[in-house]
Amino acid sequence: MGAQSLSKLARPMLLRGRSLFRGRLLERLRHVVWAGLLTLGLYSVMLLQPLEDFLRLFESRVADRSPSGEVVFVTSDEALNDPRTPENRIELAKALDELDRQGVGKVFLDIPFNASGDAAADETLARAIADLGPRLTLVDRFVEGTGGERLWRSTSPTIGGSTTRVVSDETDRNWLEFAWELAYGYEVDGRWYRSFGAAIAGVEGKPGGRFPVDYGFSYDQIPLGSVAAFATLDQTASSIPVEVTGKTVVIGHTNQVQASIQKIPGKFGAPASYIDIYAGETLKAGNTRWMKGVTTLSIFAVALFLAILLSSSRHQRWAAYGALVIACPILTIGAAKIGARVELSYAMALLLIYAAFRSRMRWKRRVEMVNLETGLPKLRALEARLLRDAVGNGHIVITKIQNYERVLKTLRADDKGSYVLKLVDRLRAADPNLAVYSDGHHLGWHTASDDTDAVVEHLEGLRAIFAAPVQVGGFSVDVGITFGVAAIEGDPSARLAAAVAAAEETSEAHNPIAIAETGSETDLLWDISLRARIDEAMEAGEIYCVYQPKIDLLTNSVAGVEALVRWHDPARGFISPMHFIQQCEKAGRMEHLTRYVLQSACSAGQLLHFRGHQITMSVNISATLLGDMRVVGLVRNVLQATRFDPEYLTLEITETARISDHTVAASILEELRSIGVRIAMDDFGVGAASYETFYELPFDEIKIDRLFVANIARDPKARAIVASIAAMGREARITVVAEGLENPHDIPLLEEAGCQQVQGFAFSRPLSLSNLLEYQEVVPGQSLSNMV
Numbered sequence: 004m005g006a007q008s009l010s011k012l013a014r015p016m017l018l019r020g021r022s023l024f025r026g027r028l029l030e031r032l033r034h035v036v037w038a039g040l041l042t043l044g045l046y047s048v049m050l051l052q053p054l055e056d057f058l059r060l061f062e063s064r065v066a067d068r069s070p071s072g073e074v075v076f077v078t079s080d081e082a083l084n085d086p087r088t089p090e091n092r093i094e095l096a097k098a099l100d101e102l103d104r105q106g107v108g109k110v111f112l113d114i115p116f117n118a119s120g121d122a123a124a125d126e127t128l129a130r131a132i133a134d135l136g137p138r139l140t141l142v143d144r145f146v147e148g149t150g151g152e153r154l155w156r157s158t159s160p161t162i163g164g165s166t167t168r169v170v171s172d173e174t175d176r177n178w179l180e181f182a183w184e185l186a187y188g189y190e191v192d193g194r195w196y197r198s199f200g201a202a203i204a205g206v207e208g209k210p211g212g213r214f215p216v217d218y219g220f221s222y223d224q225i226p227l228g229s230v231a232a233f234a235t236l237d238q239t240a241s242s243i244p245v246e247v248t249g250k251t252v253v254i255g256h257t258n259q260v261q262a263s264i265q266k267i268p269g270k271f272g273a274p275a276s277y278i279d280i281y282a283g284e285t286l287k288a289g290n291t292r293w294m295k296g297v298t299t300l301s302i303f304a305v306a307l308f309l310a311i312l313l314s315s316s317r318h319q320r321w322a323a324y325g326a327l328v329i330a331c332p333i334l335t336i337g338a339a340k341i342g343a344r345v346e347l348s349y350a351m352a353l354l355l356i357y358a359a360f361r362s363r364m365r366w367k368r369r370v371e372m373v374n375l376e377t378g379l380p381k382l383r384a385l386e387a388r389l390l391r392d393a394v395g396n397g398h399i400v401i402t403k404i405q406n407y408e409r410v411l412k413t414l415r416a417d418d419k420g421s422y423v424l425k426l427v428d429r430l431r432a433a434d435p436n437l438a439v440y441s442d443g444h445h446l447g448w449h450t451a452s453d454d455t456d457a458v459v460e461h462l463e464g465l466r467a468i469f470a471a472p473v474q475v476g477g478f479s480v481d482v483g484i485t486f487g488v489a490a491i492e493g494d495p496s497a498r499l500a501a502a503v504a505a506a507e508e509t510s511e512a513h514n515p516i517a518i519a520e521t522g523s524e525t526d527l528l529w530d531i532s533l534r535a536r537i538d539e540a541m542e543a544g545e546i547y548c549v550y551q552p553k554i555d556l557l558t559n560s561v562a563g564v565e566a567l568v569r570w571h572d573p574a575r576g577f578i579s580p581m582h583f584i585q586q587c588e589k590a591g592r593m594e595h596l597t598r599y600v601l602q603s604a605c606s607a608g609q610l611l612h613f614r615g616h617q618i619t620m621s622v623n624i625s626a627t628l629l630g631d632m633r634v635v636g637l638v639r640n641v642l643q644a645t646r647f648d649p650e651y652l653t654l655e656i657t658e659t660a661r662i663s664d665h666t667v668a669a670s671i672l673e674e675l676r677s678i679g680v681r682i683a684m685d686d687f688g689v690g691a692a693s694y695e696t697f698y699e700l701p702f703d704e705i706k707i708d709r710l711f712v713a714n715i716a717r718d719p720k721a722r723a724i725v726a727s728i729a730a731m732g733r734e735a736r737i738t739v740v741a742e743g744l745e746n747p748h749d750i751p752l753l754e755e756a757g758c759q760q761v762q763g764f765a766f767s768r769p770l771s772l773s774n775l776l777e778y779q780e781v782v783p784g785q786s787l788s789n790m791v
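Structure representation (structure tokens):
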């Protein structure tokens with residue numbers, strides 16, 4: 004097999020790993036997590052309960068199932084318990100006697116009676132109740148008073164005697180006065196009573212247990228009769244109002260009696276007894292299956308998570324999204340038809356919030372894909388196009404506009420876009436329809452030509468065109484351009500990065516067109532051996548430091564520099580710092596690399612001081628080194644060896660999320676401060692570089708992340724964040740540095756926010772030590788704002 008076979012097997016795995024952990028897949032999964040957490044927040048405060056009630060109303064309308072037919076509702080339009088009409092009690096007694104004669108199974112008298120002024124009428128009713136014996140059950144009720152108080156309504160013992168009693172609670176309703184769930188029983192004066200609905204179904208429930216009420220049974224199919232009809236029924240009659248033999252009869256008032264009106268779905272003025280009849284029918288049918296909101300939310304979240312993970316294409320992913328959306332009405336209607344309750348409002352909220360996240364991200368990408376000053380698409384749009392169209396041939400060309408930042412400083416805001424567009428017009432000299440992409444001082448495009456020599460020849464012709472100055476805003480501006488070229492082989496994203504890196508290495512005088520190295524089958528093997536090459540590169544001086552100035556906004560002078568590590572391999576060109584630093588961490592060589600960088604930086608700082616430039620030197624320290632005290636000895640030994648004044652050394656702690664023990668880290672940082680060095684927190688405001696970390700660890704300086712600095716001009720939130728961090732720094736008496744400043748016009752905003760120091764391309768790119776010394780010697784004491 005050999006190296007070639009190894010590479011063929013490993014490369015797809017690496018690409019898949021990159022897509023999993025670095026691509027949009029992780030972004031989508033993160034959005035699922037955030038949507039789930041937000042929906043859980045909504046669930047915790049029951050914010051979507053109105054929507055859930057609406058869905059239950061909908062379910063009750065579409066279910067349309069037949070009731071058991073075993074429960075008969077016998078009604079009266081007259082208030083049978085009105086003490087002023089004792090004749091109604093006699094009529095009820097006759098109806099009870101007729102029900103007894105017809106062999107009724109059970110009777111529930113859902114009307115509480117107190118003694119009336121007619122003792123004979125009360126005795127007649129009491130006798131009829133007693134004649135039915137255990138087949139009759141009295142229903143006592145909790146009702147709501149006019150002032151909202153909870154009142155007890157019960158049949159007097161003089162009428163009900165020792166008859167069995169059950170309880171119905173008219174106050175057990177939700178905020179819309181619907182009874183979506185009821186209890187199996189209630190405790191009254193220390194005694195346990197079955198609920199009316201549970202008694203109708205003949206089931207027992209545990210104290211405190213509750214069950215959902217299914218309103219999917221057809222209202223019109225519940226058998227009805229009247230008290231008057233049974234009371235006046237002649238024993239010789241050939242027909243009866245409704246069949247009651249062996250059945251359960253509920254006797255109650257109709258909605259003509261005002262005190263007996265309750266809400267049920269579809270009937271906002273139904274007799275109160277219907278709620279308990281529906282409860283009994285629910286328990287009889289066994290329709291107590293209830294999938295609560297948190298369960299459906301979890302199922303949909305897992306399903307969405309798996310749909311994203313398992314979908315290998317956009318088409319499959321959208322099909323999965325569609326299936327989840329369609330599942331909501333299907334589950335709603337299906338559950339209604341089988342008598343189950345599935346709370347879907349929070350699952351729907353999950354999908355809506357996730358869709359909102361994705362829509363916002365797509366909108367943000369569309370905005371970020373366009374340069375607002377020129378209207379040209381950005382380089383990331385070129386990358387997206389190459390990936391979308393699976394472009395596998397041709398070349399990527401990146402134009403570097405020399406002295407771009409310096410020119411922008413001299414132009415009015417209205418002329419900056421015009422300046423770039425004039426350059427684009429010249430690039431389109433041979434092809435007016437050429438799609439050109441713009442990003443800072445870079446312009447780029449894709450050419451379908453596979454002939455590298457022909458591409459270079461064309462670029463040389465373009466350079467000749469740019470020999471003439473550009474007229475902008477009434478001024479003649481000299482233009483210098485250089486090119487980086489990368490042939491597309493393999494991953495277009497990597498080749499675009501290679502073209503940009505090649506353009507950065509160009510110079511007008513010596514190397515105006517740079518060709519990025521083409522990948523080969525040995526790339527993977529070289530990557531595997533990268534860790535072993537790091538030590539060799541340090542010994543050979545291929546790994547070195549460059550220095551980016553930090554500007555004091557008060558004095559407009561260089562306050563210090565940050566040492567940044569670089570690696571230029573003779574065979575492969577520039578290696579990404581992030582890449583080889585990660586390899587160092589994996590190989591356990593981070594301490595060795597840190598010592599090397601610290602030694603180089605302190606030596607450079609000592610040389611700057613010797614030349615009369617008393618500025619600070621900042622060095623990045625990985626948070627992974629804050630696990631033991633060895634880093635303290637490392638720093639102390641380097642300072643002693645280089646004789647660099649520790650008061651001018653700042654250690655910037657990166658990736659604070661990787662600090663495993665804050666207590667240990669705090670003691671290590673305090674020990675470092677005791678040497679005299681300053682401690683800075685890098686990338687404050689993003690990731691784990693949070694207020695908690697800032698509070699727990701002893702920092703002398705914080706660096707506001709470029710995310711906020713770069714957006715300070717166009718985003719009020721970014722401005723507010725920068726201002727709040729600067730104010731916090733002033734209160735805590737620590738230095739605040741704004742890093743990543745690219746637009747010099749943002750400097751007044753940073754000054755207004757209260758930032759003390761600024762770092763970024765707006766003042767200077769990272770410089771070699773010789774360039775830094777040369778500039779300081781030529782213009783001593785001045786800022787680097789003109790050296791880009």
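Add 3 to a position in the sequence shown, counting from 1, and you land on the number used in my numbering. Just so you know, even glycine gets a beta-carbon here, dropped at the ideal spot from N, CA and C. Model, not experiment: these values are computed from the prediction.
Environment of residue i [buried if 16+ CB atoms lie within 10 Å]
{"i": "A122", "result": "exposed"}
{"i": "D453", "result": "exposed"}
{"i": "I329", "result": "exposed"}
{"i": "L527", "result": "Summary for L527: the model assigns pLDDT 47, below 50, so the residue's position carries little reliability; its value from the coordinates is reported in the next sentence. By the neighbour-count rule (16 or more Cβ atoms within 10 Å), L527 is buried."}
{"i": "H513", "result": "exposed"}
{"i": "N396", "result": "exposed"}
{"i": "D417", "result": "exposed"}
{"i": "A359", "result": "exposed"}
{"i": "F199", "result": "buried"}
{"i": "K250", "result": "buried"}
{"i": "S441", "result": "buried"}
{"i": "I341", "result": "exposed"}
{"i": "L355", "result": "exposed"}
{"i": "S171", "result": "buried"}
{"i": "G615", "result": "exposed"}
{"i": "R144", "result": "buried"}
{"i": "K706", "result": "buried"}
Whole-number beta carbon distance between residue j and residue i, since they are thought to touch under 8 angstroms
{"i": "A683", "j": "L654", "result": "7 angstroms"}
{"i": "V761", "j": "L744", "result": "5 angstroms"}
{"i": "D103", "j": "D134", "result": "6 angstroms"}
Beta-carbon spacing of residue i, residue j below 8 angstroms
{"i": "A310", "j": "R317", "result": "no"}
{"i": "D686", "j": "D718", "result": "no"}
{"i": "N91", "j": "F116", "result": "no"}
{"i": "G269", "j": "R64", "result": "yes"}
{"i": "I280", "j": "V110", "result": "no"}
{"i": "V77", "j": "V252", "result": "yes"}
{"i": "Q551", "j": "S315", "result": "no"}
{"i": "E62", "j": "A339", "result": "yes"}
{"i": "E699", "j": "H665", "result": "yes"}
{"i": "L752", "j": "A713", "result": "no"}
Beta-carbon contacts of residue i that lie in its chain and below 7 angstroms, excluding the five residues immediately before and after
{"i": "E346", "result": "E55, M294, K295, G296 and T299"}
{"i": "N258", "result": "I264, G272, A273 and P274"}
{"i": "P649", "result": "L642, I678, G679 and V680"}
Cβ-based neighbour list, residue i, same chain, cut-off 6 angstroms, excluding 5 preceding and 5 following
{"i": "P215", "result": "E184, W293 and R344"}
{"i": "R431", "result": "L437"}
{"i": "A489", "result": "I399, R498, A501, A502 and A519"}
{"i": "E1", "result": "In the structure displayed, the chain extends from 4 to 791; residue 1 sits before or after that span and is not available."}
Own chain residues within Cβ distance below 8 angstroms of residue i, not counting five before or after
{"i": "E508", "result": "G487, N514, A517, G576 and F577"}
{"i": "E594", "result": "L628, R633, V634 and L637"}
Should the segment 185-202 be regarded as contacting the segment 27-41, the criterion being three or more beta carbon pairs within less than 8 angstroms?
Contact between the segment 185-202 and the segment 27-41 is absent, because fewer than three Cβ pairs lie under 8 angstroms.
Pairs of beta-carbons, one from the segment 473-491 and one from the segment 366-378, closer than 8 angstroms: are there three or more?
For the pair of segments examined, the segment 473-491 was found not to touch the segment 366-378: the number of CB pairs separated by less than 8 angstroms stays below three.
Would the segment 94-112 count as touching the segment 146-154 if we require 3 or more Cβ pairs under 8 angstroms?
With a cut-off of 8 angstroms, the segment 146-154 and the segment 94-112 do not count as touching, because too few Cβ pairs lie within range.
Is it a yes or a no for the segment 552-570 touching the segment 610-628, going by three-plus beta-carbon pairs under 8 angstroms?
Taking a cut-off of 8 angstroms for Cβ pairs, the segment 552-570 and the segment 610-628 touch, as three or more such pairs fall below it.
Within the chosen definition, does the segment 459-479 reach the segment 384-398 through at least 3 CB pairs nearer than 8 angstroms?
Using a C-beta cut-off of 8 angstroms, the segment 459-479 makes no contact with the segment 384-398, since fewer than three inter-stretch Cβ pairs fall below that distance.
Counting Cβ pairs, one atom from each stretch, are 3 or more of them under 8 angstroms apart for the segment 718-737 and the segment 661-673?
No: the two stretches stay apart, fewer than three of their Cβ pairs being nearer than 8 angstroms.
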